[in-house]
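Q: After the structure tokens below, expect a handful of questions from me.
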Amino acid sequence: MFGDSWIALVGERLPELWLRTGEHLMLTGVSTGMAVLVGIPLGICAARIRWLRNPVTGAVGILQTIPSLAMLSILLTLMHKIGATPAIIALTLYALLPIVRNTLTGMETVPPAVLEAARGMGMTPRQRLWLVEIPLSTPVIVAGIRTAAVVGVGIATLSAFIGAGGLGQFINRGLALSNTDLILLGAIPAALLALLVDGTIAALEWGLRRKRYSGSRFKVALDRCLRPVALSMPVVLIAAGCVAYFSSSMSPYNPFWGTRVADRGTLRIGTKNFTEQLILGELMAQLIGARTDLRVVRRFNLGGTMICHGALKSGGIDVYAEYTGTALTAILEQPVIADPDRAYEVVSREYRRRFAARWLRRFGFNNTYAITIREADAVASNLQTVSDLVPIARTLRAGFTAEFSERPDGYPGLRRTYGLQFRQVRDLDPALMYQAIATEEVDVICAFATDGRIAALDLQPLSDDRGFFPAYDAAPVVRSEVLDSHPELRQVLGLLGDVLDDATMQRLNFEVDGKKRQPREVARELLESHGLLRKEK
Amino acid sequence: MIAYKAVCKSFDGGRYYAVNNVSFAVQAGETLVLLGSSGSGKTTLLKLTNRLLEPDEGIIELDGQDISRQDPISLRRRIGYVFQGIGLFPHMTIEANVAMVPRLLGWSRSTQREKTNQLLRMVGLSPDSYARRYPEELSGGQQQRVAVARALAADPEYLLMDEPFGALDALTRDMLQQEFLSLKKRLNKTIVFVTHDIFEALALGDRIAILHAGRLEQIGTKQEVVGNPATDFVRDLFGKAAQQLAAYGGML
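These protein sequences, in sequence, are chains A and B.
Under the working numbering, think of the first position of the first sequence as 6, with each following residue one higher.
Under the working numbering, think of the first position of the second sequence as 550, with each following residue one higher.
What follows is the structure, encoded as structure tokens:
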């Protein structure tokens, strides 16, 4: 796991690692800071005003039970925005519970005798708060902040799903590409960061704690020296995060930049979170970079169709690659159309009308779903079509992507059309799905027809003999506003239609999934081999 | 002078009165002991005196002024209070604890320090070794001395003491009682001292007020209350104590 290759990868990615760590600290730091500003006063109010106590603790408790990804998606929909802002809000909401609860607990554990003494000697309520209650609750409150920050570092890895950057981006890309080294490149620094943040706040807590003066002279002197060091640690950490972050604030990766509506010369390209999308994203990005004056910003690896679509509608991204079948059924919620050209016409018309977005020329391949089994099983049981699967389906375990399990053009429709009933159906991440069938943890998956892993893992797609799956012709979808101000995009992106087809796409996918190469390289190779990166104007 | 005029206080809306129609006066410069068992209303009466509690009926006057018309915050700063649970601030040094009321009153730092050192010496704690320590580093008796110093810090005319020596061992208590007697001679404060300990009451009080179930049974010098009990309750109270004392005497 920690071979030379991993160390080499760390070396190679050091600048980006630096930036992502900075982003990660920023996400965690800003959200924890906001939670402190909101949570401590909230906790104090709840402790002071009796009837407020249960509603407040109940509300922050409920926030905590919302699954992280669901929370991110909800905020995305509510705010019509991708990037750091919704991520920070989500992280802040999560950080509230430990802070509010510990503030409340801290205030309630102040001994009644001490409080009465404070009152009896003539302190005003405000003086009691600042001179007695807050100082005495500080250790408990700081412990709450500590919990919030450490949990925050963990949850912040998920915010990469909505394009907020951070170390989670490595993890996401690693998952999308089935690349363990890349996953570790995000996971290990994230774990170290959690320890560092924990240690830093612990040091702060130690620095704030009252010290006895009755110890040995040496100990007292040591305490005096270490205290300023301990107290300044959080400042050092925050400063390090800011330096890492702002030293590359011009970076095209910067999530704060990306959330603004595109300025004149910038084009933000989004992708979903699987290999083919990343390759298509790179193809579009490199082509536009080479053949136009636009500055390209990559907002890759967004957490799925609905997130990409939401981002396109709200202007968080300008272009991404979508599939006709997906657009028709999952987004427009219309019935399946068998004829590919007719489907393309319908989605083009509807997108223009409803979402102010245009479909450009199709790339020229059809990435339909393919019900896929291991080649060995296909040979052994002589299975060629989906219909062949029906009689033995009750003995088989299926692993589908979460999207497929829910989409009308996915498992629900498939079950109706063929009468399929599997013994078990599990929702799996796209990358894990392939691993799961290779390691025989599931027997059937919903592969993508152009996926390189079909060949790499000796899998066998079954033919869709009842013609259930619609065409999934891929094409760039662009916001109308952007296309109007940059009409050259139509011609430039149209070039890809000349170089891609089913076989090519499958090969490119295999280069990445099978041979573990970078989507960026694979895309450049293809474009160069067709001479498309030379600038001609 | 503190005057209680027909003071009533109930905690359950009038079903039971913790303090029931109590009237008496504490003369300037005297130490009045409120003696009673737990639930007799003595602590309640003390808390009414600096408006930690408000009476349901009746008036309390300080030097002829109705305290309900005074600002409770400045009233409390004028009255020293030694609390039943000691109530030192655990996060502050001994120095900061003692100097709290002067600090609230806005005294200068040097005056605060001077006063603190003087008071610590007065209660028998050397400022050099104790001023910068924290309460948890002190014994119970030492903490109680600090609490007395704290109550005296702003030179209050009045001192309210709520079973200040109740939680101490017998030897320490005896020592502090002796110190209290010499202290009160020097200070000449008006003191209301709450206790349930008959011998403490007899030892420390110029006069004793006996409370029972919220009512004032009798108020007078120790000769009066012991020699001429006004009620059966007072007679029994001191009678039992005398019997016990006689029994112990027989054992020795």
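Glycine is no exception: its CB is placed at the ideal position from the N, C-alpha and C atoms.
These numbers were taken from a predicted model, which means no experiment stands behind them.
#1: With DSSP run on the structure shown, which of helix, strand or coil describes B:Trp656?
#2: Just by C-beta distance, which residues in the region 605-630 of chain B are closer than 9 Å to chain A?
#3: Helix, strand or coil for B:Gln767, going by three-state DSSP, please let me know.
#4: Is there at least one Cβ from chain B nearer than 9 Å to A:Arg53's Cβ?
#5: Would the beta-carbon of A:Ala332 fall within 9 Å of that of A:Tyr325?
#6: Quick check on this structure: which residue in B:Phe787, B:Leu794 and B:Gly799 has the alpha carbon closest to the alpha carbon of B:Gly585?
#7: Do the CB positions of A:Gly330 and A:Ala476 come within less than 9 Å of each other?
#8: List the residues of chain A whose Cβ lies closer than 8 Å to the Cβ of B:Leu653, in chain order.
#9: Nearest-angstrom Cα distance between A:Met255 and A:Arg300?
#10: Does any residue of chain B have a CB that is nearer than 9 Å to the CB of A:Pro257?
#11: Please decide whether B:Gly636 counts as near chain A, where near means a Cβ-Cβ distance under 9 Å.
#12: What is the C-beta distance between B:Leu581 and B:Ala790, in whole angstroms, given that I count them as a contact (C-beta under 8 Å)?
#13: Taking the C-alpha atoms as reference points, what is the distance between A:Phe251 and A:Asp506?
#14: Can you tell me whether A:Ala316 is helix, strand or coil according to DSSP?
#15: Do A:Leu209 and A:Val147 have their CB atoms nearer than 9 Å?
#16: Would you say A:Val137 lies against chain B (beta-carbon separation less than 9 Å)?
#17: With a CB to CB cut of under 8 Å and the five nearest residues on each side skipped, what residues in its chain are close to B:Ala680?
#18: Using alpha carbons as the reference points, say which of B:Pro604, B:Ser587 and B:Glu712 lies closest to B:Gly562.
#19: Which value, in whole angstroms, describes the spacing of the CA atoms of A:Ala443 and A:Val302?
#20: Are at least three pairs of beta-carbons, each pair with one atom in the region 488-500 of chain A and one in the region 337-353 of chain A, less than 8 Å apart?
#21: Would you say B:Ala680 touches the ligand SAM, meaning its beta carbon is less than 8 Å from a heavy atom?
#22: Taking the alpha-carbon of B:Glu686 as reference, which of B:Pro639, B:Val672 and B:Gly715 has the nearest alpha-carbon?
#23: Cβ of A:Glu210 less than 9 Å from any chain B Cβ?
#24: Buried or exposed: which applies to A:Gly16, given that a residue is buried once 16 or more other Cβ atoms fall within 10 Å of its Cβ?
#25: For the region 59-76 of chain A against the region 96-111 of chain A, do three or more pairs of beta-carbon atoms, one drawn from each stretch, fall closer than 8 Å, so that the two count as touching?
#26: Taking DSSP as the reference, what is the three-state secondary structure of A:Lys521?
#27: Name the chain B residues that come within less than 9 Å of A:Leu141, Cβ to Cβ?
#28: Whose Cβ in chain B lies nearer than 9 Å to the Cβ of A:Glu28?
#29: Spell out a yes or no on whether the region 388-398 of chain A and the region 465-482 of chain A are touching, meaning 3 or more CB-CB pairs, one atom from each, closer than 8 Å.
#30: Please state the DSSP three-state secondary structure of A:Pro492.
#31: Is DSSP giving B:Lys815 helix, strand or coil here?
#32: Can you tell me which of A:Glu526, A:Gly536 and A:Lys521 puts its alpha carbon nearest to the alpha carbon of A:Leu501?
#33: What whole-angstrom Cβ distance do B:Thr770 and B:Arg784 have, given they're in contact under 8 Å?
#34: Three-state secondary structure (DSSP) at A:Tyr258?
#35: Ignoring anything shorter than 4 residues, give me the alpha helix (DSSP H) runs that lie fully in the region 184-217 of chain A, in order along the chain.
#36: Which residues in chain A sit within 7 Å of B:Phe632, going by Cβ to Cβ distance?
A: Looking at the atomic coordinates:
#1: coil
#2: Pro621, Ile622, Ser623, Leu624, Arg625, Arg626, Arg627, Ile628, Gly629 and Tyr630
#3: strand
#4: No, because no Cβ of chain B sits closer than 9 Å to the Cβ of A:Arg53.
#5: no
#6: Per the C-alpha coordinates, the member of B:Phe787, B:Leu794 and B:Gly799 positioned closest to B:Gly585 is B:Phe787.
#7: The answer is yes: Cβ separation under 9 Å.
#8: Met126, Gly127, Met128 and Gln132
#9: For A:Met255, the predicted model reports a pLDDT of 40, less than 50, meaning its position is unreliable; a value from the coordinates is still stated below. Cα to Cα, the separation comes out at about 12 Å.
#10: Here the model assigns A:Pro257 a pLDDT of 41, short of 50, so the residue's position is not dependable and the matter cannot be decided.
#11: yes
#12: Not really, about 19 Å apart at Cβ, beyond 8 Å.
#13: 42 Å
#14: helix
#15: yes
#16: yes
#17: Thr642, Ile643, Glu644, Thr665, Asn666 and Leu669
#18: Nearest option by C-alpha distance: B:Pro604.
#19: 36 Å
#20: no
#21: By its list of ligands, the structure shown contains no ligand whatsoever, and the ligand SAM lies outside what it can speak to.
#22: B:Pro639
#23: no
#24: It is exposed - the Cβ of A:Gly16 has fewer than 16 other Cβ atoms within 10 Å.
#25: yes
#26: The DSSP-derived three-state label of A:Lys521 is coil.
#27: Phe638, Pro639 and His640
#28: Chain B residues near A:Glu28: none, gap ~38 Å exceeds 9 Å.
#29: yes
#30: coil
#31: This structure gives no information on residue 815 of chain B, because the portion of chain B shown stretches from 550 to 801.
#32: A:Gly536
#33: No, B:Thr770 and B:Arg784 are not in contact; Cβ-Cβ is about 16 Å, not under 8 Å.
#34: Note that A:Tyr258 scores a pLDDT of 43, beneath 50, so its modelled location is shaky and nothing firm can be said.
#35: 185-213
#36: Within chain A, the residues near B:Phe632 are Ala118, Glu121, Ala122 and Gly125.
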